[in-house]
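Q: Using my numbering, the first residue of the sequence shown is number 154, and each one after it goes up by one.
Note that CB positions come from ideal geometry on N, CA and C, so glycine has one too.
Note that this is a predicted model, so its numbers are computed, not measured.
Can you keep this structure in mind? I'll have questions shortly.
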Amino acid sequence: MIKYSRQQIISAAFFLLVTLGIFSAGLYFGGSQNKINKSGIAYSEDAKNIVNGGQEDSFDFNLYFEVWNALKSNHVDKNQISDKDLFYGSLEGLAAATKDSYTVFMDPDTTQEFYGDLSGTFEGIGAEIGMRNDVITVIAPLDGMPAQKAGLRSGDKIYAINGESALGLTVNDAVKKIRGPKGTEVILTIIRGESKPVDIKITRDQIFVASIKTEMRKDGIYVIKVSSFNNDTDDLLKKAVAEIVAKQPKGIILDLRNNPGGYLSTAVNMASEWIEEGPVVAEQFGENKREEHFSNGNAKLKNFKTVVLINQGSASASEIVAGALRDYKKATLVGEKSFGKGSVQTVKDLSDGSSLKVTVAEWLTPAGDSINDKGIEPEIKVELTENDVNKDLDPQMQKAIELLIPKKK
154 MIKYSRQQII SAAFFLLVTL GIFSAGLYFG GSQNKINKSG IAYSEDAKNI VNGGQEDSFD
214 FNLYFEVWNA LKSNHVDKNQ ISDKDLFYGS LEGLAAATKD SYTVFMDPDT TQEFYGDLSG
274 TFEGIGAEIG MRNDVITVIA PLDGMPAQKA GLRSGDKIYA INGESALGLT VNDAVKKIRG
334 PKGTEVILTI IRGESKPVDI KITRDQIFVA SIKTEMRKDG IYVIKVSSFN NDTDDLLKKA
394 VAEIVAKQPK GIILDLRNNP GGYLSTAVNM ASEWIEEGPV VAEQFGENKR EEHFSNGNAK
454 LKNFKTVVLI NQGSASASEI VAGALRDYKK ATLVGEKSFG KGSVQTVKDL SDGSSLKVTV
514 AEWLTPAGDS INDKGIEPEI KVELTENDVN KDLDPQMQKA IELLIPKKK
């Protein structure tokens, strides 16, 4: 889940980095007494020997340049290796050293794609992917998009992309390989459960994602399908709430299945339509600091009987909403256990158009539950099998309808 504002505030205490910048043919480390080695790489005497907090760990920054020079001099493809690739690659490695798959450095192109995702427009297959047990895994194929139409499902493990192994790739690397111009094809080799690997061919397309779709059913139930928590979500939710208040349905189904998350503030605003007062979610920053995010008090839907649908593709912000409505007993959760992404990231824009996404906190439900890597268990478990999908059946939705409109005996 992304906590993001235009100011892009990030806790300065979270990490300490030596300032980096482009200089001549190589790198520049800010500081005094800069020297240039034979390959044109600048460095600072101030950064030469760094002792970590006075502890036993110490290291010499010259090692960085030794590796740089060795690659530039000895690699079999040294003439094809650009300084920019080495530079950005080293920053990616810096973030990867945290061993947190959600803390990532994004170069300018990746950053532009990232913000395109949040605006709801990009070219690709229309699926959210993440890392699970060191394997690139499908979190959620977006409704109506090429990935879903081709048969990709939440939980599918991606072992190859266009015949090349995906093992060892970062999430950003995998995204770069999967995305591409509209009309082109990508073949994903996936493993589903205990089955053998299977190739799924997907034709890329322009992805336009309206984050909320609504339906007033003939039986008097109002369905809100939320595919993500993006830039348009707040406005679309306001329209849905106004329509619900005007039409007075018998009940509401909030469908958060295959919703990979998005903005924290948007999740809080959504939960606030049911929760009148009190915390919606808490962020735990280490052991001694906790910040609670309270309902805005709208609560226009507080008296409507509600069922929330979740599955293993429900992650992050969607888990915040589901957890809050469960804890306040404002809804019944139906479906399958959610993904279990219980961490908070902030995004810091950098000077050259690149950015750094950093995990700064773990979030807790109002009852104090952490769901990171554990997920949220539905109160009523209903599986959606492959046979159901093939027959165009939705037993999870059917159960929600039955809870809102009980069958007459």
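Can you give me the C-alpha to C-alpha distance between Asp-213 and Val-220, rounded to a whole angstrom?
A: Here residue 213 is taken as the residue at index 60 of the sequence shown, counted from 1. Here residue 220 is taken as the residue at index 67 of the sequence shown, counted from 1. Answer to the nearest angstrom: the Cα atoms are 12 Å apart.
Q: Which residue comes first and which comes last in the beta strand (DSSP E) that contains Glu-347?
A: For the purposes of this step, residue 347 is taken as residue 194 along the sequence shown, with counting starting at 1. Premise fails: Glu-347 is in no beta strand (DSSP E) and is neither H nor E.
Q: Out of curiosity, what's the CA-to-CA distance linking Gly-246 and Ser-211?
A: Counting from one through the sequence shown, the residue named residue 246 turns up at place 93. Counting from one through the sequence shown, the residue named residue 211 turns up at place 58. Cα to Cα, the separation comes out at about 19 Å.
Q: Under the DSSP definition of a beta bridge, which residues are partnered with Leu-509?
A: If you number the sequence shown from 1, residue 509 lands on position 356. Note: Leu-509 sits in a beta bridge opposite Phe-258 and Lys-501.
Q: Which one of Gln-551, Glu-276, Asp-253 and Val-339 has the shortest CA to CA distance from Ile-355?
A: For the purposes of this step, residue 355 is taken as residue 202 along the sequence shown, with counting starting at 1. For the residues Gln-551, Glu-276, Asp-253 and Val-339, the minimum Cα distance to Ile-355 belongs to Val-339.
Q: Roughly how many whole angstroms lie between the Cα atoms of Leu-486 and Phe-382?
A: The residue you call residue 486 lines up with position 333 of the sequence shown. The residue you call residue 382 lines up with position 229 of the sequence shown. Cα to Cα, Leu-486 sits roughly 19 Å from Phe-382.
Q: What does the alpha-carbon distance come out to for the pair Ala-514 and Lys-371?
A: Along the sequence shown, one-based indexing puts residue 514 at 361. Along the sequence shown, one-based indexing puts residue 371 at 218. C-alpha separation (whole angstroms): 44 Å.
Q: Over what stretch of residues does the beta strand (DSSP E) that includes Phe-240 continue unbroken?
A: For the purposes of this step, residue 240 is taken as residue 87 along the sequence shown, with counting starting at 1. Here Phe-240 belongs to no beta strand (DSSP E); instead the alpha helix (DSSP H) covers 236-249.
Q: Specify the secondary structure class of Glu-539 as computed by DSSP and reduced to three states.
A: Position 386 of the sequence shown, counted from the start, is the residue given in the question as residue 539. Note: Glu-539 maps to helix in three-state DSSP.
Q: Which two residues bound the contiguous beta strand (DSSP E) that contains Ser-211?
A: As a first step, residue 211 is located in the sequence shown; it is residue number 58 there, counting from the start. Its beta strand (DSSP E) spans residues 211-213.
Q: Under a three-way DSSP split, which group does Pro-548 fall into?
A: On the sequence shown, residue 548 is found 395 positions in, with the first residue counted as 1. Three-state result, Pro-548: helix.
Q: Just to confirm, is the Cβ distance from Ala-303 to Ile-311 under 8 Å?
A: Here residue 303 refers to the residue found at position 150 of the sequence shown. Here residue 311 refers to the residue found at position 158 of the sequence shown. The answer is no: Cβ separation not under 8 Å.
Q: Between Ile-626 and Glu-276, is the Cβ-Cβ spacing less than 8 Å?
A: With the chain represented from 154 up to 562, any question about residue 626 goes unanswered, as that position is not in the structure.
Q: Less than 8 Å between the C-beta atoms of Leu-409 and Ser-467, yes or no?
A: Position 256 of the sequence shown, counting from 1, holds the residue named residue 409. Position 314 of the sequence shown, counting from 1, holds the residue named residue 467. Yes.
Q: I need the boundaries of the beta strand (DSSP E) containing Arg-443, first residue and last residue.
A: Mapped onto the sequence shown, residue 443 falls at position 290. It spans 442-447 - the beta strand (DSSP E) in which Arg-443 sits, taken as one unbroken run.
Q: Enumerate in chain order the residues of its own chain whose CB-to-CB distance from Ile-473 is below 6 Å, with the five nearest sequence positions on each side excluded.
A: On the sequence shown, residue 473 is found 320 positions in, with the first residue counted as 1. Contacts found: Ala-420 and Val-434.
Q: Looking at C-alpha atoms only, which residue of Phe-457, Arg-285 and Ala-327 is the closest neighbour of Leu-407?
A: Residue numbering aside, residue 407 sits at position 254 when the sequence shown is read from its first letter. Per the Cα distances, Phe-457.
Q: Output the residue ranges of the alpha helix (DSSP H) runs that lie fully inside the region 371-424 and measure 4 residues or longer, sorted by chain position.
A: 386-400 and 417-424, all fully within the region 371-424.
Q: Out of curiosity, what's the CA-to-CA distance linking Gly-387 and Asn-441?
A: Locating residue 387 in the sequence shown gives position 234, counting from the first residue. Locating residue 441 in the sequence shown gives position 288, counting from the first residue. Gly is not the amino acid found at residue 387; the sequence shown has Asp there. Cα to Cα, Asp-387 sits roughly 32 Å from Asn-441.
Q: Taking DSSP as the reference, what is the three-state secondary structure of Gln-465?
A: What you label residue 465 is simply residue 312 of the sequence shown in a count that begins at 1. The answer is coil: DSSP assigns Gln-465 none of H, G, I, E or B.
Q: Just to confirm, are Ile-524 and Gly-495 a CB contact at a threshold of 8 Å?
A: If you number the sequence shown from 1, residue 524 lands on position 371. If you number the sequence shown from 1, residue 495 lands on position 342. The answer is yes: Cβ separation under 8 Å.
Q: What first and last residue would you give for the alpha helix (DSSP H) that runs through Glu-472?
A: Along the sequence shown, one-based indexing puts residue 472 at 319. 470-480 is the span of the alpha helix (DSSP H), which, as asked, contains Glu-472.
Q: Within the continuous beta strand (DSSP E) that includes Ile-331, where are the two ends?
A: Position 178 of the sequence shown holds residue 331. Note, Ile-331: premise wrong, no beta strand (DSSP E); alpha helix (DSSP H) at 324-331.
Q: CB-CB under 6 Å to Gly-279, same chain, minus the five flanking residues each way: which ones, in chain order?
A: For this step, residue 279 is matched to residue 126 along the sequence shown. Closer than 6 Å at Cβ, skipping near neighbours: Leu-295, Met-298, Pro-299, Ala-300 and Ile-360.
Q: Taking a contact to mean a Cβ-Cβ separation below 8 Å, would you say Asn-449 touches Ser-425 in this structure?
A: Residue mapping note: residue 449 aligns to position 296 of the sequence shown, counting from 1. Residue mapping note: residue 425 aligns to position 272 of the sequence shown, counting from 1. Contact flag set, yes.
Q: How would you write the range of the alpha helix (DSSP H) that Ala-280 sits in, first residue to last?
A: Within the sequence shown, residue 280 is the residue found at index 127, counting from 1. Ala-280 -> not in any alpha helix (DSSP H); beta strand (DSSP E) instead, spanning 280-285.
Q: Using CA coordinates, which residue listed in Glu-368, Lys-455, Met-259 and Ser-364 is at the minimum distance from Asn-325?
A: As a position in the sequence shown, residue 325 is number 172, starting the count at 1. For the residues Glu-368, Lys-455, Met-259 and Ser-364, the minimum Cα distance to Asn-325 belongs to Met-259.
Q: Assuming Thr-115 and Val-511 are in contact, meaning their beta carbons sit under 8 Å apart, how far apart are those beta carbons, in whole angstroms?
A: Past the boundaries of the shown model lies residue 115; the chain is included only from 154 to 562, so the question cannot be answered.
Q: Tell me where the beta strand (DSSP E) around Gln-359 begins and ends.
A: As a position in the sequence shown, residue 359 is number 206, starting the count at 1. From DSSP, the beta strand (DSSP E) with Gln-359 extends over 358-361.
Q: Which partner residues does Ala-514 have in the DSSP bridge list?
A: Taking the sequence shown and counting its residues from 1, one reaches residue 514 at position 361. Answer is Val-497, bridged to Ala-514.
Q: Would you grab the beta carbon distance between Leu-478 and Val-461 for me? Rounded to a whole angstrom, and I think it's under 8 Å.
A: Reading the sequence shown from its first residue, position 325 is the one you call residue 478. Reading the sequence shown from its first residue, position 308 is the one you call residue 461. Indeed they touch by this definition, with Cβ atoms about 6 Å apart.
Q: Indicate the three-state DSSP secondary structure (helix, strand or coil) for Ser-318 in the structure shown.
A: Reading the sequence shown from its first residue, position 165 is the one you call residue 318. Note: Ser-318 maps to strand in three-state DSSP.
Q: Which of the three DSSP states is assigned to Ala-300 in this structure?
A: Looking up residue 300 in the sequence shown gives position 147. Note: Ala-300 maps to helix in three-state DSSP.
Q: Under a three-way DSSP split, which group does Lys-560 fall into?
A: In the sequence shown, counting from the first residue as 1, residue 560 sits at position 407. DSSP places Lys-560 in coil when its eight states are reduced to three.
Q: Using C-beta distances below 6 Å, list every residue in its chain close to Ile-377, excluding the 5 sequence neighbours before and after it, in chain order.
A: Stepping through the sequence shown from its first residue, residue 377 is reached at position 224. Thr-367, Ala-393 and Leu-407, listed in sequence order.
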